[in-house]
Amino acid sequence: MNDVEIDLQFEDGRRLRERHGLPLLIGRESDCGLVLKTWRVARRHARLLCRESELWLEDLGSIFGSTVNGRRVASHGPLLPEDELVIGPCLMRVRLLRDAAPGVPCLRREADAPSFAPQAGHGDAGLPAPPWMADAGSPGLAGAAAAGPAPGGEGAPAPADPGGGPRPGSAAPADAAADGGRASGPAREGAAGKAARRRLHEGLIQALQLRRQDITGMSDATLRAEATRALAGLIAADASLPEDLDRGMLLRELVDEAVGLGPLEPLLADPGVTEIMVNRHDEIFVERGGRLQRDAASFSSEQAVLGVIDRIVAPLGRRIDDSAPMVDARLRDGSRVNAVIAPVSLRGASLTIRKFPLRRLDMRDLLAVGALDESMAVFLTHCVRQRKNLLVSGGTGSGKTSLLNILSNAIPSGERIITIEDAAELRLNHSHLVSLEARPANLEGRGRVEIRDLVRNALRMRPDRIVVGECRGAEAFDMLAAMNTGHEGSLTTLHANTPRDALGRLETMILMAGMDLPLAAVREHIAASIDLIVQLVRAADGRRLVSAVVQVAGIESGRIQLQDLFIGQPGPPAVFRGCGLMPEGFPASAGLDIQLFSQRTVCRGSASLDGGPRAAC
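As structure tokens, then:
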């Protein structure tokens, strides 16, 4: 039996020498062979094992990862006595003791109480590893062993269903039927297909490891090509694969899970899907045509979801862990990403991706789907060109960001635009554009850059227009100050159900910013800064449309006055009508006709920007 001798050196100067049997599980759980009680160490962080008479290290999908000689690794071997292994606050040097007696029990420390049901024990003298460590959906496979950056997060692996229910990676027949009969590969496979999938997935990871390449330094395209070649050879050499198994689909799905975003890849490529919601590893919903439906796809384990989340946020310099369990991020195409993990998310890691159309939308697209009528489109375009300050208001998923992108198309090309966002989502089609993005604090709690700081800095960058992706807090005051001090024509969005609610939210955000101002002064500031409010709604059938275009008409008796210019009613059919009043503040040379504000338009049929039926107006 092989043992390993470990020299440990901690940040506080303590030194220990311990001896353990292999395989050795390292983590902060009490059932790990080597217990390191610190928040920087995952519950099951890494393991040491003997492979072909050589000592190897495997990271099990930890947030902070494992480093060997200063480089973060997913799997590394053989480990030499002079190699420096760092896990959490501990620097280790390990030495393989061949054919040794059972290891001496290590020095035990008080461990954190597990937040989930404990797995089978893993002793200090080399007892068999728990079943989840050998499963194909284990962190060693669905994590980042072959995926460049080490996976993020730590979570309990999905236990087998003792009642014979659906396993991770499968979907109930009812769910498949609800999805129009479409089912992914794992949902259609029997026991033999699932066993083959686990066997091939493990073989792929082993093939990439045995070549001893620095997969963390490879580009995504190179890594995917390498994984595809290795897996194609394994599939060709496996004579026990079921005859009815689609080998091409199997190849794509296993490579996606190893180096990509797993079962989300085909959903991201599907133009009909506008939003992807991972409630937990075996429960995925999508939005099609404005309606939610369950998809047959699923992840193999909780750790696979955590690995995908980390692959998304790590390149952006953001983090997600126990101390920061929520994160906003984006994909390379600009799609919005939000992730929540335990302990905040009680059912497991949750991931929400809001996709944006591949091509840049314009006002004609909104007209085609019946989101507004021609009169509204002409007037809003005119307002942007006349440098009116616009506030786009609406509920979650009502299309505020899309409308902001479209309105920006009317900004003259000779003007300088600065966009400010929490997570960059805007895709403005403009030649003179500077994009700024807020930054969260680092591990030490330093380096945070808030939207308010960026708004203040933008004033020194000679902007013609300032576009704030969304006002959520104290930056509202600075944004309004910019609108009222020489930066007319600025745009921003805000969450509110009605134009009147939007004004109330602005007042609240300014007061919460710590401004020692009377409410009357706050309202005067708002009335002097905002010219128009564009309200968006999302109808019960999923259609998004402009429900109101309102002009801010000053203050009377201490209350901000609003004047309706256009009203939209969802229907069906959707009805848009002008209120018959000319807006104030436009010069006679603007060319606005009273007829523009007196028309009534009826749009029949439901429509959506993701390929649904077109509206007939």
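Read left to right, the sequence shown gives residues 480 to 1096 (this note's numbering).
Note that CB positions come from ideal geometry on N, CA and C, so glycine has one too.
inquiry  = Using DSSP's beta-bridge definition, name the partner residues of residue 1027.
reply    = 1014 and 1046
(Q) Taking the beta strand (DSSP E) that residue 764 belongs to, which residues open and close that run? (A) 762-767
Straight-line gap, residue 770 to residue 938 (C-alpha atoms, nearest Å)
42 Å
**Prompt:** With distances taken between CB atoms, is the gap from residue 422 to residue 509 smaller than 8 Å?
**Reply:** Residue 422 is absent from the structure shown; the chain starts at 480 and stops at 1096.
Quiz item: Taking C-alpha atoms, which residue in 957, 534 and 566 lies nearest to residue 555?
Solution: 534
Item to complete: Indicate whether the contact test is met: 3 or more Cβ pairs, each with one atom in the segment 706-717 and one in the segment 729-737, closer than 8 Å.
Response: yes
*asked:* Please report the straight-line C-alpha distance between residue 1012 and residue 757, rounded to a whole angstrom.
replied: 34 Å
Requested in this report: Closer than 8 Å by C-beta to residue 828: which residues in its own chain qualify, once you throw out the five before and the five after it? Chain order, please.
Outcome: 632, 634, 757, 759, 760, 781, 784, 785, 788, 818, 819, 820 and 821
key: Same chain, Cβ closer than 6 Å to residue 1056, neighbours up to 5 away in sequence not counted   = 1046 and 1079
Closest by C-alpha distance to residue 934, when choosing among 920, 966 and 996
966
**Asked** Near residue 1081, what residues of its chain come up, given a Cβ to Cβ distance below 6 Å and the 5 sequence neighbours on each side ignored?
**Response** 1052 and 1054
May I ask you to verify whether the segment 1031-1046 touches the segment 995-1008, counting CB pairs closer than 8 Å and requiring at least 3?
yes
DSSP state of residue 1076, grouped into three classes? helix
* Just the C-alpha distance for residue 536 and residue 880, rounded to the nearest angstrom, thanks. => 45 Å
Under 8 Å, with one C-beta from each stretch per pair, do the segment 945-957 and the segment 842-849 reach the 3-pair mark? no
Which residue from 531, 883, 703 and 849 puts its Cα closest to that of residue 1022? 849
Give the single residue among 563, 570 and 527 whose Cα lies nearest to the Cα of residue 489.
570
Exercise. Under the rule that 16 or more other beta-carbon atoms within 10 Å means buried, what is residue 954, buried or exposed?
Worked result: buried
Item to check | C-alpha gap between residue 1141 and residue 576, whole angstroms | outcome: The question about residue 1141 has no answer, for the chain in this structure spans 480 to 1096.
Local conformation of residue 855 per DSSP, three classes: helix
When you compare the CB positions of residue 523 and residue 503, do they come within less than 8 Å of one another, or not? no
Find out if the Cβ-Cβ distance for the pair residue 896, residue 882 is shorter than 8 Å. no
Below 8 Å on the Cβ atoms is my contact criterion, and I expect residue 453 with residue 1029 to pass it. Report the Cβ-Cβ distance as a whole number of Å. Given a span of 480 to 1096 for the chain in the structure shown, any question on residue 453 remains unanswerable.
Alpha carbon to alpha carbon, what distance is there between residue 501 and residue 513? 11 Å
query: Can you list, in chain order, the residues of its chain whose CB lies under 7 Å from that of residue 1017, leaving out five sequence neighbours each side?
result: 874, 876, 877 and 1023
Check: If you run the structure through DSSP and keep just helix, strand and coil, what is residue 554?
Finding: strand
Three or more C-beta pairs below 8 Å linking the segment 912-919 and the segment 884-904: yes
Q) How about residue 869 and residue 886: do their beta carbons lie closer than 8 Å? A) yes
Which word fits residue 812, buried or exposed, when buried means at least 16 other C-beta atoms lie within 10 angstroms of its C-beta? exposed
Extract the residue ranges of the beta strand (DSSP E) inside the segment 830-904, only unbroken runs of 3 or more that lie entirely within it. 869-873 and 896-900
### Message
One question on the structure: do residue 792 and residue 804 come within less than 8 Å of each other, judged by their Cβ atoms?
### Response
no
*asked:* Can you check which of these residues, 1062, 902, 557 and 674, is closest to residue 855 by C-alpha distance?
replied: 1062
Review point. What are the partner residues of residue 488, as DSSP defines its beta bridges?
Key: 494 and 570
For residue 531, which option in 968, 984, 776 and 685 has the closest C-alpha, if you only look at C-alpha atoms? 685
Buried or exposed (CB count within 10 angstroms, at least 16 for buried), residue 754: buried
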